[in-house]
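Step one of this worksheet: look at the structure below.
Number of protein chains: 2
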Amino acid sequence: MWVPRLLRTIKQHTQFTRQISARIVNGTNIEVQPEDGKPEKLIFPSVWLRDNCLCDECFHGSSKSRKLDWDNFDTRIKPVDLVADGKEKQVVVRWSDHHESRFTLEWLKDRSFQKEKQEEYLREFYRPETQHWSGKQFQDIARHFNYEEVMSQDSTLMQWLQSLAVHGVALLRNAPLDEGVVRRLAERVGFIRRTTYGEEFVVQAKPGAQNFAYLSLPLPLHTDLPYYEYKPSVNILHCVVQTDSPGGSNMLVDGFHIADILRRDYPEDFERLSRVIVDWNDIGSEDGRKFHNIWRAPVICLDAEGRYTRVNHSVPQRDSHFNVPLAEVLPWYESYARFVRLAIADSHAFKTQPGDVLTFNNIRLLHGRTGYDDSEISPRYIVGAYLDWDIIYSRLRVLKNKIQRKPQ
Amino acid sequence: MWVPRLLRTIKQHTQFTRQISARIVNGTNIEVQPEDGKPEKLIFPSVWLRDNCLCDECFHGSSKSRKLDWDNFDTRIKPVDLVADGKEKQVVVRWSDHHESRFTLEWLKDRSFQKEKQEEYLREFYRPETQHWSGKQFQDIARHFNYEEVMSQDSTLMQWLQSLAVHGVALLRNAPLDEGVVRRLAERVGFIRRTTYGEEFVVQAKPGAQNFAYLSLPLPLHTDLPYYEYKPSVNILHCVVQTDSPGGSNMLVDGFHIADILRRDYPEDFERLSRVIVDWNDIGSEDGRKFHNIWRAPVICLDAEGRYTRVNHSVPQRDSHFNVPLAEVLPWYESYARFVRLAIADSHAFKTQPGDVLTFNNIRLLHGRTGYDDSEISPRYIVGAYLDWDIIYSRLRVLKNKIQRKPQ
Chain E
1 MWVPRLLRTI
11 KQHTQFTRQI
21 SARIVNGTNI
31 EVQPEDGKPE
41 KLIFPSVWLR
51 DNCLCDECFH
61 GSSKSRKLDW
71 DNFDTRIKPV
81 DLVADGKEKQ
91 VVVRWSDHHE
101 SRFTLEWLKD
111 RSFQKEKQEE
121 YLREFYRPET
131 QHWSGKQFQD
141 IARHFNYEEV
151 MSQDSTLMQW
161 LQSLAVHGVA
171 LLRNAPLDEG
181 VVRRLAERVG
191 FIRRTTYGEE
201 FVVQAKPGAQ
211 NFAYLSLPLP
221 LHTDLPYYEY
231 KPSVNILHCV
241 VQTDSPGGSN
251 MLVDGFHIAD
261 ILRRDYPEDF
271 ERLSRVIVDW
281 NDIGSEDGRK
291 FHNIWRAPVI
301 CLDAEGRYTR
311 VNHSVPQRDS
321 HFNVPLAEVL
331 PWYESYARFV
341 RLAIADSHAF
351 KTQPGDVLTF
361 NNIRLLHGRT
371 GYDDSEISPR
381 YIVGAYLDWD
391 IIYSRLRVLK
401 NKIQRKPQ
Chain U
1001 MWVPRLLRTI
1011 KQHTQFTRQI
1021 SARIVNGTNI
1031 EVQPEDGKPE
1041 KLIFPSVWLR
1051 DNCLCDECFH
1061 GSSKSRKLDW
1071 DNFDTRIKPV
1081 DLVADGKEKQ
1091 VVVRWSDHHE
1101 SRFTLEWLKD
1111 RSFQKEKQEE
1121 YLREFYRPET
1131 QHWSGKQFQD
1141 IARHFNYEEV
1151 MSQDSTLMQW
1161 LQSLAVHGVA
1171 LLRNAPLDEG
1181 VVRRLAERVG
1191 FIRRTTYGEE
1201 FVVQAKPGAQ
1211 NFAYLSLPLP
1221 LHTDLPYYEY
1231 KPSVNILHCV
1241 VQTDSPGGSN
1251 MLVDGFHIAD
1261 ILRRDYPEDF
1271 ERLSRVIVDW
1281 NDIGSEDGRK
1291 FHNIWRAPVI
1301 CLDAEGRYTR
1311 VNHSVPQRDS
1321 HFNVPLAEVL
1331 PWYESYARFV
1341 RLAIADSHAF
1351 KTQPGDVLTF
1361 NNIRLLHGRT
1371 GYDDSEISPR
1381 YIVGAYLDWD
1391 IIYSRLRVLK
1401 NKIQRKPQ
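In order, the protein sequence lines correspond to chains E and U.
Going by our numbering, the first residue of the first sequence is number 1, and it counts up by one from there.
Going by our numbering, the first residue of the second sequence is number 1001, and it counts up by one from there.
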């Protein structure tokens, strides 16, 4: 029988109260039972508890950081006594190094080592799980938000960033038509990610009169700046003026969805595109300063668990240097051509209107633009900037803490 | 016999000249023989050559980028005729799609598919190979440069950046003592990498500091900002005022060297530290804006080939959330404690003087500071900023192109 055995053990090690109990298990773990109506047992490794002691000597409260002397940290530390304090809802541990630590039940619960709890914490608070979509599903997944609401209401800001994290795309509407919108929006989140090309950038067809043809060529699907190890995370494209010509539409594809298709239906292509390292490059100059950017990475980048970390694709920014064995070349081209065909077939086109701000994940989505007939009467003027995921997720966590009282 | 057979084959496919010859091999590769005295044969896949056609229709000269219509690219393209033009030292290919491409021998040689040539290109031009060092070797590997020379002479700038890339550390001397030095230096390379904490930062003892670094206590070995996916690459620390107290020394350790020791002598610890994912975090506020940064990554990060991509270590910035299975916790702590002990034992301490600018790779090195006795008479004032490798390597490639005429 479970209960009597536990009671006997607790009596040896802890004060027993109505609300909370704790015991030492095998000398290395501490088991806490909240007894709040659930048969839940929380088990914590002693070494981890000692490492995370929250007393003033071990923890710096104002910076919420560990300051314990780790140069002399003893991993063989043992709990020698345990008090389950039901009144304060905390566990007090006395250690073999004569130190004493106190942990509230709430703090402990937030740091449960149960797999489901850890997965929930990571999914809800670290980084939301992505949901992949096909072009046909675009209208169902694409969320719209009002620009002014995003700027003034934290809950709308949170929803926009969450949507961007989950689906990789979201549209803001009714933004003013001045050139400061992307900066104000970026600063509402954090700050602009600067690149070789500066902070804000303008996308427009170069001067009409001097230009031989007023046509602006179609821009094939691509990701921006694949030639950076630290590729900018999120693209913000503010439509200030849109062309009246039939073209100038944005095209978007969920690169993770294309990777899903390859993984399922064409495993050899998937394997090749996620293994063979491609040289991405950009050579030029900006503000009189030359640059020569190169980053080497596969088209589909995976982490050690096989999760997508990044998609790279760009016709102009793939280097003519291709540092792979000769025998890999043709098979890789065939796999890459399949990736490109699948992406084109799945792309969703739509045209933003003045006041729209299109935001999307540049690590994951491919984007492009249909050709358009630009002229002085029918110009097209888009202002863009980048934001980084590090900065976006930080803001999203702060908002979740504030609005949903998520754990710290 | 090799020569007669080659001659026969060439006659079928190419004009034969004294200086250069070429033939189609198996219909999919093109073999070029420079005949400049070496028995060197260069083999290029046809699909790659067609993809990299340099004509105005396929290649945009001013941005040095491919503009070929890849949406309709045919990977089954075949060369139908070949001309080895000895006078112009180029190969002309006529394709099954009726297109014609020209490649100079020089361009082809720069893109050789020979393994040794590829390795040489990557080592010399993409990213230099790192050389790891123990604390005892510090004096042998640490290079010193004159600040004014770095600012005015491209060759010295190149040497500094190369040294930083190879050894992960370099010292500049005789910089002025104004607060603009780190910005001017960063802008000599590219631009400052902004973080949650802004662009420049000042390290001095501050009462009631939010950040652990701003106390005069000893600062244990760590890497900066491990809680960023896009961790700042290089630390620039300009010593403006140094304390007269015995403390305030910098400590440096080559984290890749410590990883080498673990890999060789303690493979189980190495495996654990390169596999178990740790939560790194930073919670606080800057300029009235709250942040909550988290990045999850092992202490030793490896790429698919087992090369080091990053080392993470920080006592204050390791989260109390530790999302691993219970059974992993104690073994991980034991491996981590070994890493910390090895790093401490190997650390090299030295004290910068006013006018010194210490620069080091934050992805690779651990740094710390001995405690010091600060006072109004004996202050310590360091101005810091970060630079990113993407930007540094770009600059280094431009300099190598200019000074050493490396290939583009």
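Ideal placement from N, C-alpha and C gives every residue a C-beta, glycine not left out.
Between the alpha carbons of E:ARG66 and E:VAL189, how many angstroms are there, rounded? Whole-angstrom Cα-Cα distance: 28 Å.
At a Cβ threshold of 7 Å, is E:HIS292 touching chain U? Output row for E:HIS292: interface = yes.
Quick one: does U:ILE1077 have its CB under 7 Å from some CB of chain E? The beta carbon of U:ILE1077 sits no closer than 7 Å to any beta carbon of chain E.
By DSSP's criteria, E:THR359 is part of a beta bridge. Which residues make up the other side? Bridge partners of E:THR359: E:ALA170, E:ILE236.
Could you pull out every residue in the same chain whose Cβ sits closer than 7 Å to the Cβ of E:TYR336, ignoring the five residues on either side in sequence? So the qualifying residues of the chain are LEU273, VAL299.
Pairing CB atoms from the stretch 178-187 of chain E with CB atoms from the stretch 243-256 of chain E, are three or more of them under 8 Å? Result no; under three Cβ-Cβ pairs closer than 8 Å.
For U:ALA1327 and chain E, any beta-carbon pair shorter than 7 Å? No, its Cβ sits nowhere closer than 7 Å to a Cβ of chain E.
Please classify E:LEU108 as buried or exposed, where buried requires at least 16 other C-beta atoms within 10 Å of its C-beta. Classification for E:LEU108: buried.
Flag E:ALA337 as yes if its beta-carbon sits less than 7 Å from any beta-carbon of chain U, otherwise no. By this cut-off, E:ALA337 is an interface position.
The beta strand (DSSP E) with U:ASN1281 in it runs from where to where? For U:ASN1281, the enclosing beta strand (DSSP E) starts and ends at 1278-1286.
Presumed contact (8 Å Cβ cut-off) between E:HIS313 and E:HIS222, rounded CB distance: Your pair E:HIS313 and E:HIS222 checks out as a contact, with CB atoms roughly 6 Å apart and the cut at 8 Å.
Reduced DSSP category for E:GLY61 - H, G, I as helix; E, B as strand; rest coil: Of the three classes helix, strand and coil, the one that applies to E:GLY61 here is coil, per DSSP.
Going along the stretch 1145-1164 of chain U in order, which residues come within less than 7 Å of chain E, judged by CB to CB distance? Under the 7 Å Cβ criterion, the stretch 1145-1164 of chain U contributes no residue.
Once DSSP output is grouped into helix, strand and coil, what is the label at E:VAL324? Coil.
Comparing the C-beta of E:ASP71 with each C-beta of chain U, is any distance below 7 Å? Against chain U, the CB of E:ASP71 has a partner CB under 7 Å away; the residue lies at that interface.
Determine whether the Cβ of E:LYS64 lies closer than 7 Å to any Cβ atom of chain U. At least one chain U Cβ lies under 7 Å of E:LYS64.
Could you run through the stretch 1295-1323 of chain U and flag, in chain order, every residue whose CB is less than 8 Å away from some CB of chain E? Per Cβ criterion, the list reads TRP1295, ARG1296, ALA1304, VAL1315, PRO1316, GLN1317, ARG1318, SER1320, HIS1321, PHE1322, ASN1323.
Please report the straight-line C-alpha distance between E:ALA209 and E:SER216, rounded to a whole angstrom. Because the pLDDT at E:ALA209 is just 37, under 50, the model does not fix this residue reliably, and the value given afterwards should be weighed accordingly. Approximately 13 Å between the Cα atoms of the pair.
Answer yes or no: the CB of U:LEU1082 versus the heavy atoms of the ligand SAH, is any distance below 6 Å? Absent from the structure shown: the ligand SAH. Ligands present: none.
Is the Cβ of E:GLY284 closer than 7 Å to any Cβ of chain U? Interface residue, yes.
Beta-carbon proximity of U:LEU957 to U:THR1359, cut-off 7 Å: Missing from the structure shown is residue 957 of chain U; chain U here goes from 1001 to 1408 and no further.
Which one of E:ASP269, E:PHE201, E:GLU199, E:ALA142 has the shortest CA to CA distance from E:ARG173? The option with the nearest alpha carbon to E:ARG173 is E:ALA142.
Under 7 Å between beta-carbons, which chain U residues line up against E:GLN118? List them in chain order, please. Taking a Cβ-Cβ threshold of 7 Å, the residues of chain U close to E:GLN118 are ASN1323, in chain order.
Who are the neighbours of E:VAL169 on chain U, taking C-beta pairs under 8 Å? Going along chain U, no residue has its Cβ under 8 Å from E:VAL169, so there is no contact; the nearest lies around 20 Å.
Taking the alpha helix (DSSP H) that U:ASN1312 belongs to, which residues open and close that run? Element bounds for U:ASN1312: n/a, residue is neither H nor E.
For E:ALA213, count neighbouring Cβ atoms within 10 angstroms of its own Cβ and tell me buried if that reaches 16, exposed if not. Reliability of the predicted coordinates at E:ALA213 is poor, the pLDDT of 41 falling under 50, and the value obtained from them is presented with this limitation in mind. With fewer than 16 other CB atoms across the displayed protein chains lying within 10 angstroms of its CB, E:ALA213 is exposed.
Closest Cβ-Cβ distance between U:PHE1256 and chain E: below 7 Å? Not closer than 7 Å to any Cβ of chain E, the Cβ of U:PHE1256 fails to qualify, so no.
What distance in whole Å lies between the Cβ atoms of E:HIS257 and E:HIS132, which are believed to be in contact at a cut-off of 8 Å? Rounded, the Cβ-Cβ distance is 4 Å, consistent with contact.
Can you give me the start and stop residues for the beta strand (DSSP E) that U:ALA1297 sits inside? Residues 1289-1297.
Can you tell which of U:PRO1218, U:GLY1180, U:TYR1227 has the C-alpha that lies nearest to the C-alpha of U:GLY1355? Selected option, being the one with the closest Cα: U:GLY1180.
Residue from E:GLU31, E:GLU200, E:SER63, E:THR195 whose Cα sits closest to the Cα of E:ALA84: Comparing Cα positions, the closest option is E:GLU31.
Through-space distance from E:ARG50 to E:GLN33, alpha-carbon basis: C-alpha of E:GLN33 to C-alpha of E:ARG50: approximately 19 Å in a straight line.
Taking U:PHE1125 as the reference, which of E:PHE59, E:ASP154, E:ASN293, E:ILE403 has the closest Cα? Checked all of E:PHE59, E:ASP154, E:ASN293, E:ILE403; the closest Cα to U:PHE1125 is E:ASN293.
For a contact meaning CB atoms closer than 8 Å, what does E:ASN52 contact in chain U? Here the neighbours are SER1320.
Would you list, in sequence order, the uninterrupted beta strand (DSSP E) runs of no fewer than 3 residues that lie entirely inside the stretch 21-107 of chain E? Within the stretch 21-107 of chain E, the runs of beta strand (DSSP E) at least 3 residues long that lie entirely inside it are, in chain order, 21-25, 29-33, 42-45, 79-85, 90-95, 100-104.
What whole-angstrom Cβ distance do U:ILE1236 and U:LEU1365 have, given they're in contact under 8 Å? Wrong, their Cβ atoms sit about 13 Å apart, outside the cutoff.
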